[in-house]
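Inspection log for the structure reproduced underneath, given as structure tokens.
Protein chains: 2
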Amino acid sequence: MTDLLIRNARPMGGPPSDLLIRAGRIAAIGPDLDPGGAPIEDAAGRLAIPGLVDAHTHLDKSMLGHPWWRNDIGPTIMDRIETERRVKRERALDPHVQSMRHALRSLGFGTTRIRSHVDVDTDQGLAALEGVAETRRALAGQVEIEIVAFPQSGLLIRPGTAELLDAALAAGADLVGGLDPCAIDRDPKGHLDVVFGLAEKHGKPVDIHLHERGELGAFSLELILERTEALSMQGRVAVSHAFCLGMPDRARAAALTERIAALEVRVLTTAPAFAPVPAVKELLAAGVVVGAGNDGFRDVWTPYGTGDMLERAMLLGLRNDLRRDADLELALRLCTEGGAAAMDAPRHRLEPGAPGDVVLLEGETLAEAVAVPAPRALVAKAGRVVGRDGRALAPAP
Amino acid sequence: MTDLLIRNARPMGGPPSDLLIRAGRIAAIGPDLDPGGAPIEDAAGRLAIPGLVDAHTHLDKSMLGHPWWRNDIGPTIMDRIETERRVKRERALDPHVQSMRHALRSLGFGTTRIRSHVDVDTDQGLAALEGVAETRRALAGQVEIEIVAFPQSGLLIRPGTAELLDAALAAGADLVGGLDPCAIDRDPKGHLDVVFGLAEKHGKPVDIHLHERGELGAFSLELILERTEALSMQGRVAVSHAFCLGMPDRARAAALTERIAALEVRVLTTAPAFAPVPAVKELLAAGVVVGAGNDGFRDVWTPYGTGDMLERAMLLGLRNDLRRDADLELALRLCTEGGAAAMDAPRHRLEPGAPGDVVLLEGETLAEAVAVPAPRALVAKAGRVVGRDGRALAPAP
Chain C
170 MTDLLIRNAR
180 PMGGPPSDLL
190 IRAGRIAAIG
200 PDLDPGGAPI
210 EDAAGRLAIP
220 GLVDAHTHLD
230 KSMLGHPWWR
240 NDIGPTIMDR
250 IETERRVKRE
260 RALDPHVQSM
270 RHALRSLGFG
280 TTRIRSHVDV
290 DTDQGLAALE
300 GVAETRRALA
310 GQVEIEIVAF
320 PQSGLLIRPG
330 TAELLDAALA
340 AGADLVGGLD
350 PCAIDRDPKG
360 HLDVVFGLAE
370 KHGKPVDIHL
380 HERGELGAFS
390 LELILERTEA
400 LSMQGRVAVS
410 HAFCLGMPDR
420 ARAAALTERI
430 AALEVRVLTT
440 APAFAPVPAV
450 KELLAAGVVV
460 GAGNDGFRDV
470 WTPYGTGDML
480 ERAMLLGLRN
490 DLRRDADLEL
500 ALRLCTEGGA
510 AAMDAPRHRL
520 EPGAPGDVVL
530 LEGETLAEAV
540 AVPAPRALVA
550 KAGRVVGRDG
560 RALAPAP
Chain R
170 MTDLLIRNAR
180 PMGGPPSDLL
190 IRAGRIAAIG
200 PDLDPGGAPI
210 EDAAGRLAIP
220 GLVDAHTHLD
230 KSMLGHPWWR
240 NDIGPTIMDR
250 IETERRVKRE
260 RALDPHVQSM
270 RHALRSLGFG
280 TTRIRSHVDV
290 DTDQGLAALE
300 GVAETRRALA
310 GQVEIEIVAF
320 PQSGLLIRPG
330 TAELLDAALA
340 AGADLVGGLD
350 PCAIDRDPKG
360 HLDVVFGLAE
370 KHGKPVDIHL
380 HERGELGAFS
390 LELILERTEA
400 LSMQGRVAVS
410 HAFCLGMPDR
420 ARAAALTERI
430 AALEVRVLTT
440 APAFAPVPAV
450 KELLAAGVVV
460 GAGNDGFRDV
470 WTPYGTGDML
480 ERAMLLGLRN
490 DLRRDADLEL
500 ALRLCTEGGA
510 AAMDAPRHRL
520 EPGAPGDVVL
530 LEGETLAEAV
540 AVPAPRALVA
550 KAGRVVGRDG
560 RALAPAP
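Residue numbers (our numbering), protein chains in the order written: chain C, 170 to 566; chain R, 170 to 566.
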């Protein structure tokens, strides 16, 4: 919680202003502000935006810092799940070290808030959770990390996993995760009863991976919405991916979207190019809170990705065919304010009273900054400078 | 046409080797080659690949070097066509200057061969063609440029355009272009009769933009295939985009693909995330020659893009859900050898006798180089060093 004066920035592409941060929050925005003893950074006319928010990633999965892993595995989710468990053992990946590398790289790109799903399974128990929790403590004050206890390997098909999730929530995980209730556990009712049962027991929210497409995903989504309503969990449930909302039957998708909005279920998208995806403008028009995430990168799941949420805004724009400047700004808002709202961090905007998370971007306009992402000149978290020139100041292990 | 010895590279990810280029062609690949007086470049163990090939772009469209252009126009192709004509006038864009900027940027990324569609219309006549032809002359020996005379504004709906295309071909354009025979001219037979008539008259090949989706695009494609067969133009016709091949009816798409292969029609894809696209692995399995292109960037059509064909290989991989290393290498081949084959430039590979177009990439493996593109250390065209550290050596205007 520190003080900082950023001189000569262009907040959200507006006219040049100073931004004054006091005790970690934005105190004033305007011309020629008095630093009152705060350290001064010269933005040199750069764009200023709030901290980027990665609302869906996996801090425990990347192989950053390890030799390239040759991917020659099959194309199913189960191929990836089984291979990942093997690779984690073979490479003896340390969840704390890997999550530090991932989180610090993200921070260098301007991400000041992360929701990470973390694998909980009968192979490694709570080891990944403990490693990521250690990273959260190590990076406190630099990036905020939310942890979802995530049954990546299945819940009912691996007896003992429900008990581990229970222990994870007792040990400090912030949310209960879930995964493709039909496709992985082959028992959607059973899967969701455990997930929502744990949420009720611990009084914690839910965030469920839903890759299932078309009618199958719509069915699982209906089961999620029924439980959200029955347990009065409005505003406490998120669905990640939600590929089924990209289904060809747009009337069916619209009806589901309407119900999602009414039950205040959040949708988190990574906007992949290969899959049907929720149309973000349709979700927003219906009043749904939408955030975005990078998902994992350089892991068993995908060779692609850098961890940069500004690049994600670009990919989200490409996937949703956003070309107008106002629409590129919308993509950027999903990667800042949208993700923060989905994580119950309100007022994640550049305005007095808001958190002092500020990122300086290159570019004439916000649209240009999104269309052609360049390294960030400066990243401040609650008024503390934590990144410069695309890199976190803190060294990664 | 020069000599060059590249020491200690890893051709296509293989073991460290030297590459010797003599009189512009690869003379030998192996350990400890004798330079015989050729200048020496140390690759320091980097990956070596053939020159990247941008088989579909628009050198005359970008606004590189101009202030950001605020896009607030409608979403149709006709909105973009009409706006572009207006913006070109308002900004007085010089086709030679703009194409130099675009081509040199591409060259810095390692592109040694480009097929550019160039607008021919009743507003500007052959001015864009002349500007790009001037760029071709200026950059001879650094990057090879093919020019398609392209009726961007429509052919039959703007009387006089056919005559301009005729003049463009007489003046040195290499190919006849065409565009959405149903959607723009509203007269598919008339449009294609003019395009193929000009091709026959001038003995030049054809490359047609086909954005039309589903059955409409399939119909236009059938008309193209009929004319290809009737005029015995096997190997002389390319279809760019071919979104209709991404249609839901996969049996119909497969039948069209089979006929495309039989008639040796080439398919050029930009693999956009927002549209249905041809599945590149299906095309290759059917024996179709497939190339890739970046399309335009920073223009009225799109705010996105950098001109980097290695980034295009990444986007092509993301769009086609290519995750295995072998599949990422395939994406890279489409952006080198595939595009060259589509442009009748055979043997665009790292092997003795092939052109001395060599690019050095960062990364442990080719897959890594595609998944996370980094600046190119060195670009050689026919043995001449033309780019270093991501930039062309020649200055842009």
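Every residue gets a Cβ at the ideal spot worked out from N, C-alpha and C, and that includes glycine.
Just so you know, the alpha carbons of Met181/C and Thr505/C end up roughly 12 angstroms apart. The stretch 517–542 of chain C is shown to contain whole alpha helix (DSSP H) runs of 4 or more residues at 535–540, in chain order. According to DSSP, Asp464/R shares a beta bridge with no other residue. Of all residues in the stretch 529–556 of chain R, only Glu533, Thr534, Ala536, Glu537, Ala540 and Val541 place a beta-carbon less than 7 angstroms from a beta-carbon of chain C. For Phe319/R, the enclosing beta strand (DSSP E) starts and ends at Glu313 to Phe319. Listed by position along chain R, the residues whose Cβ is nearer than 9 angstroms to that of Thr245/C form an empty set, because the closest Cβ is around 12 angstroms away. Note on Ile326/R: under 16 other CB atoms within 10 angstroms of its CB, so exposed under the neighbour-count rule. Arg467, Trp470, Thr471, Pro472, Tyr473, Gly474, Thr475, Met483, Leu484, Gly486, Leu487, Arg488 and Asn489: these are the residues of the stretch 467–489 of chain C whose beta carbon lies less than 9 angstroms from some beta carbon of chain R, given in chain order. Using a Cβ-Cβ cut-off of 8 angstroms, Asp464/R does not count as an interface residue toward chain C, since no Cβ of chain C sits closer than that to its own.
Using a Cβ-Cβ cut-off of 8 angstroms, Arg560/R does not count as an interface residue toward chain C, since no Cβ of chain C sits closer than that to its own. Restricting attention to Ala224/C, Arg274/C and Ile190/C, the CA atom closest to the CA of Arg557/C is found in Arg274/C. Around Leu295/R, the same chain offers Val289, Leu333, Ala336, Ala337 and Ala340 as residues with beta carbons nearer than 8 angstroms, after the five sequence neighbours per side are excluded. By the criterion of at least three beta-carbon pairs nearer than 8 angstroms, the stretch 458–472 of chain R is not in contact with the stretch 414–424 of chain R. When C-beta atoms of the stretch 251–264 of chain C are compared with those of the stretch 292–306 of chain C, three or more pairs fall below 8 angstroms, so the two segments count as touching. Among the residues of chain C, those whose CB is under 7 angstroms from the CB of Leu497/R are Pro472, following chain order. Flagged as an interface residue toward chain C: Ala442/R, by a C-beta distance shorter than 8 angstroms. Asp241/R reaches chain C at Arg493, Asp494 and Ala495, counting residues in chain order whose Cβ is nearer than 9 angstroms. Residues of chain R whose Cβ lies closer than 7 angstroms to the Cβ of Pro236/C are, in chain order, Glu533.
For Thr252/R, the uninterrupted alpha helix (DSSP H) run begins and ends at Ile246 to Arg260, by DSSP.
The distance from the Cβ of Gly559/R to that of Gly277/R is about 5 angstroms, consistent with a contact at the 8 angstroms cut-off. In this structure, Lys370/R keeps its C-beta atom at 8 angstroms or more from the C-beta atom of Leu344/R. Between Ala224/R and Gly462/R, the C-beta spacing is below 8 angstroms.
Under the three-state reduction of DSSP, Ala207/C is assigned to coil, being neither helix nor strand.
Membership of Pro219/C in the beta strand (DSSP E) is indicated by the continuous run Leu216 to Pro219. Ala454/C sits exposed, since fewer than 16 C-beta atoms from the chains shown fall within 10 Å of its C-beta.
The beta carbon of Thr475/R lies closer than 7 angstroms to those of Phe466 in the same chain, with the five residues before and after it left out.
For Arg191/R, the secondary structure class from DSSP, reduced to helix, strand or coil, is strand. With 16 or more neighbouring CB atoms inside 10 Å of its own CB, Gln321/R falls in the buried class. The beta carbon of Pro200/R sits closer than 7 angstroms to those of Ser186 and Asp187, all from its chain and outside the five residues before and after it, given in chain order.
Counting C-beta pairs closer than 8 angstroms gives fewer than three between the stretch 477–495 of chain R and the stretch 512–521 of chain R, which falls short of the contact rule. Between Pro357/R and Leu392/R, the CB-CB gap stays under 8 angstroms. Taking one beta carbon from each stretch, the stretch 533–543 of chain C and the stretch 205–212 of chain C have fewer than 3 pairs nearer than 8 angstroms; the two do not touch. Residue environment: Gly214/R is assigned as exposed (fewer than 16 neighbouring CB atoms within 10 Å of its CB, all protein chains considered).
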